[in-house]
Structures are given as structure tokens and as C-alpha cells.
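Since the structure comes first, as C-alpha cells, the remarks are kept for the end.
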Amino acid sequence: MNSSKPAGAKGLVAEVVRKQYFWGIIAIVLLLAVNVFKDPSYLAISISPTDGNLVGNLIDILRAAAPVLMIAVGMCLVVATGGIDLSVGSIMVVAGAVSMELLAGSNAPDSLGAAFIAIVVALAISGLLGAVNGVLVSVVGLQPFISTLVVMLAGRGLAKVITGGQNTSAVNEPFRWVANGYAIGIPVVFVLAVLITIAVGMLVRKSALGLMIEAIGMDAKAARLAGLNRRGLLMTAYISSGLLAGVAGIFATASVMTVDVSRTGYQLELDAILAVVIGGTSLAGGKFNITGAAIGAILIATLDKTVVFLGVSSSATPAFKAIVIVALCLLQSERVRALFRQRRIQRPTGTAATKKETVSA
Amino acid sequence: MSTTTATPELKTEKSGNDVFRWLKLHIELLPTIAAVVIFVAMIAYGQIAYGGILQANTVSNLLINNAHLIILAVGLTFVILTGGIDLSVGAVIAFTSVLGVILMNQGWNPWLALGLMIVIGAAFGAVSGILIQYFNVQPFIATLAMMFLARGLASMLSTVPERLADDSPFLVLAENFKIIDGPKVNDLIITPGVIIAIIVVVAGFFVLHRTRLGRTVYAIGGSEQSAKLMGLPVAKTKLAIYIISGTLAGVASAIYTARLGSAQNITGIGWELDAIAATVIGGTLLTGGAGFVLGSVVGALVLGLMNVLITRDGGIPPEATTIITGGILLVFVLLQRGVLAKKRE
Amino acid sequence: MTASVPIIEMKGISISFPGVKALDNVDFTLYPGEVHTLMGENGAGKSTLIKALTGVYAIDEGEIRVLGETRRLSGTADAQDAGISTVYQEVNLCSNLSIGENVMLGHETRGPFGINWKATHAAASEALQKLGLGHLDPRLPLSTLSLAVQQLVAISRSMVTKSKVLILDEPTSSLDAVEVEQLFRVMRNLRDQGVAILFVSHFLDQVYAISDRLTVLRNGQFVGEYMTAELDRSALISKMIGKDIASLRSLDSERARKDHPHDEAPVYAATGLSRRGSVEETDLQLHAGEVVGFAGLLGSGRTELARLIYGADKPDTGSVAMRGETVDVKNPAIALSKRIAFSSENRRDEGIIRDLSVRENLILGVQAKRGWARPLPRKEVEAIVSKYLVELGVRPADPDRPIRNLSGGNQQKVLLGRWLATKPEVLILDEPTRGIDVGAKADIQEQVAALADEGVAVVFISSELDEVVRLSDRIVVMKDHRKIAEIVNGPDVTAESIVTTIAEEGVTADSTPQGAHS
């Protein structure tokens, strides 16, 4: 992670370069460069003559990034508290199943009301599942890993029960528009995702929520003694993550108007975690960076599209993700950093030793 | 916690009134005992409600169908006992299995291929271990990376089912050997795969309870700092357990591949979670330091039996399986939590 | 004792941490068959020196010789190979394993079928026997033992490794008198067998009772090496703090001479406050403008009582009234809203949030009080920051710096600022001066007096009784989880008189073992 130096006024560029997500941006540029190398017209964006919308590979990437962006933002908050949310992929499929079942049941292809009800109910259930995570973690006191694993297992089962094990499809134009429509030529889904990301970012940074979440993630005991309401903050983080996963689920199902109970959102929690880590938020909790997570999400979308574009089977994508993770982890590790710096650091062996040093030294 | 090793001796010494006292001292055994009780209850319920559970072929099938899961659970027990996690095992199975079948179909000696499968599994574990121990990567992320890598490599090799030739000597691993020739099809059958699983379990038990490596695993789970200050080889041990977990994934892969007679890149998705669930249900604390290999075996059998019962019932929609798994997991974690709280008093 | 060949020679040892020189050219020599005490105030570098000797920290300069041979100790295993074993203040054993295993870990007796548990437990019993712990069943879980006995179990590990050097880093801080005597018997026994013992303790009586030789450190520097018999206590103290005794005496109790009538109702009144295993039913009243000192040994209940007042731990029984109004302080957030603030003794784990900046650490209390939805306006933040950085003299006065980069004293000042910014009526300071330099210490003591003058009810907790006597108007004496006395400060109250109070109280009923956990 960036070793938080005092914010020097060396200009935006210097600041960005120091951020972890700088490497994410570099990676996106590199991937695009590879694509351009294969097809020089890759970056071309044209205006569709039929409806005036923008078309092109970049637009596709943005559209594909939207669901990951949503769960990455939620995951970012949860990870900052020192937790993890494995259930986001399952919450996505539940949200998708709920909305598809409602839309299929209402059978009103043009009804805005039906779309609205579907979205509200799907989000409510997503928030509820997030709240279940929150209760298990903050009230019952289970580890986040196992709590959200339970919800992850149960969530996908729940989705299957909701649709009776079928992949439900529905027709509803307003709902479809959410993922496939265009606003001033740009995909609505991406605009929505960006707006929601900005809204969440503003909410946590303009209020004291961000500071408090970081505080409990860094040191739960000290934060509690400082008078912070750990339970409430954890609930907020997990419910937010659930809601955002619901949004992602709506995005993902609206684009094809079908929920695939075994594949929608499947293993997307791992993409979200990856995006958060790329963005410079440590899985140990504490300082988080929503911009970074967003860039991570876009990187993942770019990677997915690139792999397919290069003609490799999409199921091989994970191998490339693995390379990204390992490279990032190595960049972050003390050992490698010390090699780069060529500066001898006196470092006690083991974290436990560090812990005692100011207590008793 | 405390020496499981000592428990058999203790058990024989204590009797009657002492049982309660003994339980109080070994309260960490409670989740494992609960798992055994639930397992027995499931058998009883199945036998009464559907019949045909307590018969030789059901028992045989339970073991044969879950041998790979049992092996994975033994590996995960090592890892989780230290407070770590290994998410890569399912994907490692996919990769080694696809690679093994392709190589055998290209004419490799099946036993050479088998050796390679196991070595590759160990190598994945070694990389995880090195990332975790020497580059300070969290176990979750390091093994997630290995999971992605193995899954991706498997998909690069092939994305369609790779069938093993019907006459491949490799299939001997899954060959049925009748132990008891029962009436009709009700035979007690065993396969080399099951025997290997049993050997793995016994070896796992031996290593954990009768070697310094095993005791260091428990010590690390109890307090890594203390283990370091006691001068135990913490770094080496942590590396070793990820290698063990990877190696066992390779072994599980071989057994599963032989049983199925084919391999595919999507094999083993979510198996790491099944293995984790089996371990937790069997009484191993996710925070490390307490748990038993035998408990994990029971955990794996509980999961396997659950599938059998759901199939037999017919009324439970198969979709609900994961809900039930989740529910069982939750119950056991809550039980552990209660036990821990009790212990702190 | 004193064989002529030293077993350990440390020469010119220096160790630096970011921003601090923890050890600066320190020498230390240890002979077989002696008890050698390392003396110095908190922060003098004792722990750092020990960690250098046990291979936990790498040394920047200097050399370590074991039996005349230069060794590079990197890691505890290295130190153990060199025959050095260490018992730390906090017991470093694995409570999830049995007693016998903790003794034998890494040295289990092995046979053809792996570890032979029967033989291993027998060997453990033998090692325990040497320490007079032969009655323990090595197969029982370690967690069935009290902390004191666990400490002895840790020592018995060194019996197994046949260590020639035994380091005991503040082993007595949580032991009662009987247990200390038991430990000392063991230590003498080992010394007579030729083991070299490096001992660290804050209790002068214990140091004089057990040690043959002393090395004094101050601010990371070597002050001198002395034979215990040739150095009297006051000389030792002045060497440790670097001032002579005369100047110490002039720092006489100022508050003791003040007159404190408090007729008005107490700000805070608790009746029958208790929590199982930590504090027995206690009544307590705190008045505005008064400093109440909590005196007592570690584990006496002084910190535990403070935590109950703040709701850091939830009381089992008791009722609390603030200005006559009943309140239920069941968690810190409520305490803060009732204008009670508490600064924990564990500055590092329960005080500062290391990775947050000084600014964020300062405003955290106020912000917690306001809730997340009402962020402090930037102007108010800056007002608080500039006010307390200046008022408390935080160095460096850079609010953007992560607090972990500040020295202990300055971290403590920031924490004090955090609580002052919440405008508390009751302020509990648990060991606010521990492990910080002399200057910061004086600053904080001054603040405490000033706060009381402003009308805050201050609870002041310190293991340095002199400090408690100097600052407090009233002293609550705690022992064995009970309040045993409440003394109004006056000219005849001294650290010694309080020690006497603690020592004499309930001598007859001193059978309750401390820290005995089931």
C-alpha cells in the first residue's frame, strides 16, 4: 500500500503515481495497448447510425464493468472494517431471481410500475441478506468469512428455490433499459454505476462514516474505547454491500432479461475482492480507497474482454487474474520493496514483536 | 485443544462420574462429538424414514463417492488448524485431473502421470506457502491466486470433458473389490481409492498427533507468537502445511479422476468450500488451534450422507441442498462459538 | 558465584527504530551462577536489550558473544541453540495445549511410533518437579492453571532445553507475595546449579532480595554495572532517573497541601459496582475539581474498576448516578455521551489508532459523540487540532503525520487531547505517564492538576505510587479486586504508607490466589 506520507502539493500526477491504483491504471493501458496491437481499430468508437448511440469496444468494457463496479464498492467498505463479504455473488443471483420472477409474474412488458416494484423488492431482499451478514458478524460475533460463506451457500439455494430451479426469463422494456439503454449515447448502466459509486464515495468521505469504518478496521478495540458504535458501523457496511450487490444483480440480469441461477454472479465475489485489492485497500482492513476499487473493477472488465478478444477461452481468464494478483502482492510485500529500495530497514522479525515494541521498549 | 493424543489413554482411565469432569476439561471435543451424534442421528432417521441406509452398498457408496472429499478435508484440517485457509484445492483438482488424463491419453505411463499430478498439487501448495510465509500475503489472497491460476490453466488445456480410455490401467484406482458378497447388489465394496483415503486419514492423524510437525501445527494455531518465541520452526511448518494440502489435492484428483473416468476444467468448483465446511462441522476452529482429522472425516461423511438423504427423500428440492449445507454450517459454527465462550469463563 | 568466564558478553550494542534510538552503545555482561538484574525506567531499553539477546531484534552495531564466541542471533531458535531461554511478562505458551506439551514442545521424546506421549509426559513431570510443581498433571490443559503457575511452567521449559542462560522479563508483575517467593526459590536453586539468570523487575524489594549484580540503563544508554550489595536504594533510583535524591524530594506533594472541601453532590457516584472475576462490589464517588488516585498493584482491580466506570467492561451489578441522575453506562459510547472519558493503560492497542493521522486521532472522540452523520465541520476540526497540539505541546506539531510515528509521550498527549476535546466531566487516566520520557511526563502531570482546577473530576491511575501521592487529593487503594481503603491525601501520606496499607491489609486472609482461572 502507499506509505501514507504527508500530502505534499506536488501536483495531482505525483499524488496519483504514489497510489496503489496507479498500477491498476498502468495495467488497463497495457491491456488496451495489447488489443490495439492486435487490431489497430480497437479503440475506435463510432456513432451508431440507427439510434445515435456510441458503439465500440471501450463502450462494451464500460458496460461489462458496471456490475463488478457495484460489488467492488460494497466489498471495499466491508474489507475496510476488517471483514470480507463472500455472499455478494449469491445476493446478485437472488436479486436477479426475485426481479425476474416478479416481472414474469406481472407479465406487463411495458409497465414502468412493474419494473419499479421488481427493483425495489429485489433491493429490499438484498439489503435483508446483507443485514443477515451484519447480524452474524456484529451481534453473534462470527468471523466474517464464515458468516458470509453461510449466506453465500444459502443465497444461491434461495435463488434456486425462488425460481424453482429454472432459469427464469421475463419481458419488461423499462427493466431491460436499465442495462441496455443509452443516455446521451452512453450506456445507462455505466452512468448509473458511476453515479452510485460517486454517491457512496461522497457519503463516506463527506460524513464521518469513512473515518469511523477505517478506525474499526484498523483497531477494533481502540475504536470501541474511543466511543465508536462498532455494531452499527458493521451493520451499515454489510447492508451497503448487500444493497450494492442487489444493484449489480439487477444490472446483470437486466442485460439479458434472464436469471441463470447457477451462473449469474457466480464467483463474482472473487472479482470484487480482487478489484478492492488492486485498488490498494488491504484485506487486513483500515484505509480504503473507493476510487481504487472502481479502477480495479474496470481493470477486471478490461481483462475479461481482452482475453476473449485475443481468442483465448473465457474460462481461462482466471489464470490472467492470478498473474495480476501475484504481481500486486509481490509489489506490496516488504521483501520485494526492500529489494527495490536497496535500503536496509531494521525490522523486528515477526509482527508480534513489533506489537510489543512501544508497549515495553 | 489439549493433547488429543492423550485422550485415548485418559478415556480408559476415567469412567462413570469422571466422564463429566473429563468433558469439562475437553470441552473443545464437544463440536466433534456433536458431529458424530448428528451423523448417527441422520443414519437413524434415514433408516427409519426411507430404509436401506444401514446396508452394505449404501455405506460402500458413501465412502466411494466421498473419498476425494475426505482427503481434501484432511489437508484443509492441517491448514485451518494453523488459522490459515486454502481455497485452491478444488481448482488444483481440475488442473491436475485434466492434465493427467490428457497425458495418459497421449500415451504417458499412468503411474508417471499420477506422480506428476501429485507433484503439481504439491507445487501449487508450495507457491501458496511461499507467498504467505515469505511475502506476507494473506492466505486467503495467496490461495485465491492459486485457485485462479489452476482453474485458468485447466481451461487452457481443455474446456471439454476429456475421457480416459476405457482400458486405462489408471482406472484400477476405482475398481470395485467385494469384501462381503451380500444378497443381490447389497455388497460391501471397497476401491483402492477408498483405501488410499483411509491411509491418508491415518497418516494425517499420525502426523498431527505423533510428530513434532503436527504439534507445531497446533502450537501455531494456539498462538503463532508463542510458537515463535518457543523456538519452534514456524516458517517451515507453515510452508509444509500448504504443501501437504496441495499434495493431498493431487491425490484426491487422482482418485476422483479414476472414479469418473474423465476430467474437465470445471471439475471441483466449490469443493474447497465443501472441504472447509466438512472441517468446520467436524469441530476444527476456523481460528485454529483446535480440531481433529477424524472430526473432519465425520464432517465430510455428514455432507455426503446429507446428499444421500435428500436424494432418497425426493420431496426436498435438490435446489435446497446448499441452503441445508449453509444451515448445518451455521449451526456448527454457533456451537463452536458457544464452546469458546464457555471456555473463556 | 562469579566464575571468571562470562557466559554472555554484549559490547557496544545499538538498535534504532524509525525515529528512536532504542539502544545506544550499551554493554552487558552475564556470568554463570549469578542473578543479574537489568534496571531502568520504562523506555530505558531493557526490553530492547533482551530482544537483542533473544534474537527477536537484529542489532545495528556491536557484538554479542556467548561463551567467548561471537554469535549472530537471528530468531528465537538461534538463541535457544545458544542455550538462552526467555520467559516473558506475558506468558508465551499455547493455552490450547496441555501443560506437559507446553513444557516439551519441540523436544518431545520420540519412539518408533512417533512421539511417545508417556515418556514425554514423564519428562515434563520431571522438569516440573525440579521447580516444585511435581503435583501438576502434565496431561491437563494449560488453561486450568493460574497465570503465576503458567509462568513457572514457562520456566520449566528451560529445564528441558538445559539452558545455561535464563532471561526473566518482569515475571513477577502479576504474582502475589507467596508466588514470588516460590519463583525466587526456583531462581536461587537454578543459580546454584550454575545457570546465569537475567532478571527484570520494577519492584525494588524483589531486586534487592534476589540479585547479585545490577546493570542500569537510562534512555537507551548504559549507566553502569554495580554489585547489588554495594549500591543502596536511593543511589540506584537516582541512577535510574538521572536525578539525585535531593531534587526528587523537592517535588513534594503539592496537592496534599491543598484544602479540598467537597460539600456539593458528587459528579459521579457508583454503588455496588462489580464484575465477576475483576472487581468486587465497590462504592465510589467522584467530585468536580478533585483528583482521585487509584493505587494498587497490577491486577489489583484498579484498571478493572476504571473500565467499569467507562463501560469498557459491562458491570454485573451496581448502579451509577451522575449529578444525582441514574445512568446505565454499559458501553463506551454511552459513557462518552454522559461526559465520561477514559484513556486506557494500553496506549498502543486500546488508545491510539496507529494508522490514522494525529488529526484523525484527536477528533475521533468528539466525532464518535456526534455520530457519523454529523461530521465535524473542517473549521472546528482545525480549531481542536491547533488548540490541543499547542496546549499540550505535541512534537512534532504536524497533524497529518500518522500517529504511529510519534514518540510514546506525544502519542499520550494526543490521546489526552482526544478526551479533553470531548469536554469530559469525569476523566479517567490509566497509566498516562507509563513508558514516556520525563519531559512529557511532567507536562501530563501538569495537565492533570490544571484540569482539576478547571473543575473536571479526574481519576489518576499509576503504578508509580509517588506520582499518585503527588497528584491526588484522595487515594483509593485496591487489592485483590477490592477497594481496601480510601485515604484523603495529607502530609503524612507517602508512597511507603500506601505500600504498608496494601501489605498489611488482610494478611490473615491472603489465601485468595490471584488470577486463578477455572
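Residue numbers (the working numbering), protein chains in the order written: chain A, 1 to 361; chain B, 1001 to 1345; chain C, 2001 to 2518. Note that CB positions come from ideal geometry on N, CA and C, so glycine has one too.
Contact list for A/Q143 against chain D, beta-carbon separation under 9 angstroms = The displayed structure is made up of protein chains A, B and C, and chain D is not among them.
For B/N1176, which option in B/R1259, B/V1201, B/L1239, B/A1240 has the closest C-alpha, if you only look at C-alpha atoms?
-> B/R1259
Any idea what DSSP makes of B/R1163, helix, strand or coil?
-> strand
Nearest CA to the CA of B/Q1047: which residue from B/G1075, B/D1313, B/I1102?
-> B/D1313
Beta-carbon of B/G1231 versus every beta-carbon of chain C: anything under 7 angstroms?
-> yes
So the beta strand (DSSP E) A/L58 belongs to, where does it begin and stop?
-> It is not in any beta strand (DSSP E) - A/L58 instead sits in the alpha helix (DSSP H) that spans 57 to 80.
Using a threshold of 7 angstroms, state whether the C-beta atoms of A/A97 and A/V247 are closer than that.
-> Cβ atoms of A/A97 and A/V247: not closer than 7 angstroms.
Say whether chain B places a C-beta atom closer than 7 angstroms to the C-beta of A/G279.
-> no
Where B/I1093 and B/G1250 are concerned, what is the direct C-alpha to C-alpha distance, given to the nearest angstrom?
-> 6 angstroms
Within the region 1173 to 1216 of chain B, ranges of the alpha helix (DSSP H) (whole runs, at least 4 residues) | 1192 to 1210
If C/V2200 and C/K2164 are in contact, beta carbons under 8 angstroms, what's the gap, nearest whole angstrom?
-> Not confirmed; about 19 angstroms, so no contact.
Proximity to C/R2354 [Cα-Cα], best of C/G2301, C/Q2412, C/A2295 | The shortest Cα separation from C/R2354 among C/G2301, C/Q2412, C/A2295 belongs to C/Q2412.
Residue of C/L2147, C/D2024, C/V2153, C/P2138 minimising C-alpha distance to C/L2086 | The question names Leu, yet the displayed sequence has Thr at residue 2086 of chain C. For C/T2086, the nearest C-alpha among the options comes from C/V2153.
Which listed residue (B/V1308, B/L1286, B/T1325) has its alpha carbon closest to that of B/R1337 | Comparing Cα-Cα distances from B/R1337 to each of B/V1308, B/L1286, B/T1325, the minimum goes to B/L1286.
Secondary structure at B/P1318, three-state DSSP: helix, strand or coil?
-> helix
For the region 1115 to 1148 of chain B, enumerate the residues whose C-beta is nearer than 9 angstroms to any C-beta of chain A, in chain order.
-> Taking 9 angstroms as the upper bound on Cβ-Cβ separation, chain A lies near residues V1127, L1131, Y1134, F1135, N1136, V1137, Q1138, F1140, I1141, A1142, L1144, A1145, M1146, M1147, F1148 of the region 1115 to 1148 of chain B.
Taking the CB atoms as reference points, tell me whether B/I1076 and B/I1276 lie closer together than 7 angstroms.
-> With the sequence shown as reference, residue 1076 of chain B is identified as Leu, and Ile is not the correct amino acid for it. Yes.
Which residues of chain B have a Cβ atom closer than 8 angstroms to the Cβ of A/I146, listed in chain order?
-> Ordered by position in chain B, the residues that pass the 8 angstroms Cβ test against A/I146 are V1280, L1286, L1329, V1333.
N- and C-terminal bounds of the alpha helix (DSSP H) containing C/F2017 = Premise fails: C/F2017 lies in the beta strand (DSSP E), 2008 to 2017, not in any alpha helix (DSSP H).
Are A/G82 and A/G292 touching if we call contact CB-CB under 7 angstroms?
-> In this structure, A/G292 does not lie closer than 7 angstroms to A/G82 by Cβ.
For A/S138, three-class secondary structure by DSSP = helix
Just reading off the beta strand (DSSP E) that C/H2036 is part of, what are its end residues?
-> 2035 to 2039
Pick out whichever of B/D1181, B/G1090, B/F1170, B/P1110 has its Cα sitting closest to the Cα of B/F1148.
-> B/G1090
Look at the alpha carbon of A/R335 and the alpha carbon of B/L1131, and state the distance between them as a whole number of angstroms.
-> 11 angstroms
Can a CB atom of chain A be found closer than 7 angstroms to the CB of C/A2449?
-> no
Beta-carbon of C/T2076 versus every beta-carbon of chain B: anything under 7 angstroms?
-> It does: the Cβ of C/T2076 has a partner Cβ on chain B nearer than 7 angstroms.
Using a cut-off of 7 angstroms between C-beta atoms, extract the partners of A/R335 located in chain B.
-> Y1134, F1135
In whole angstroms, what separates the C-alpha of A/V94 from that of C/R2359?
-> 43 angstroms
Tell me, please, whether the region 2226 to 2233 of chain C touches the region 2387 to 2405 of chain C by the rule of three or more beta-carbon pairs shorter than 8 angstroms.
-> no
If you measure beta-carbon to beta-carbon, which residues of the region 2355 to 2384 of chain C are closer than 7 angstroms to chain A?
-> D2355, L2356, E2360, L2364, G2365, Q2367, A2368, K2369, W2372, A2373, P2375
Determine the direct distance from the alpha carbon of B/I1269 to that of B/V1217, and round the result to whole angstroms.
-> 28 angstroms
Does the pairing of the region 2443 to 2455 of chain C with the region 2412 to 2424 of chain C give three or more beta-carbon distances under 8 angstroms?
-> The region 2412 to 2424 of chain C and the region 2443 to 2455 of chain C touch, with three or more beta-carbon pairs separated by less than 8 angstroms.
Quick one: list the residues of chain B neighbouring A/K321, beta-carbon separation under 7 angstroms, in chain order.
-> In chain order: F1148.
What is the DSSP secondary structure of C/S2247, counted as helix, strand or coil?
-> Note on C/S2247: pLDDT 47, under 50, position unreliable in the model; no value is reported.
Please confirm if C/S2211 has its CB atom under 7 angstroms from at least one CB of chain A.
-> no
Which chain C residues sit within Cβ distance under 9 angstroms of B/Q1336?
-> The premise fails here: B/Q1336 is roughly 13 angstroms from chain C at the closest Cβ pair, so nothing lies under 9 angstroms.
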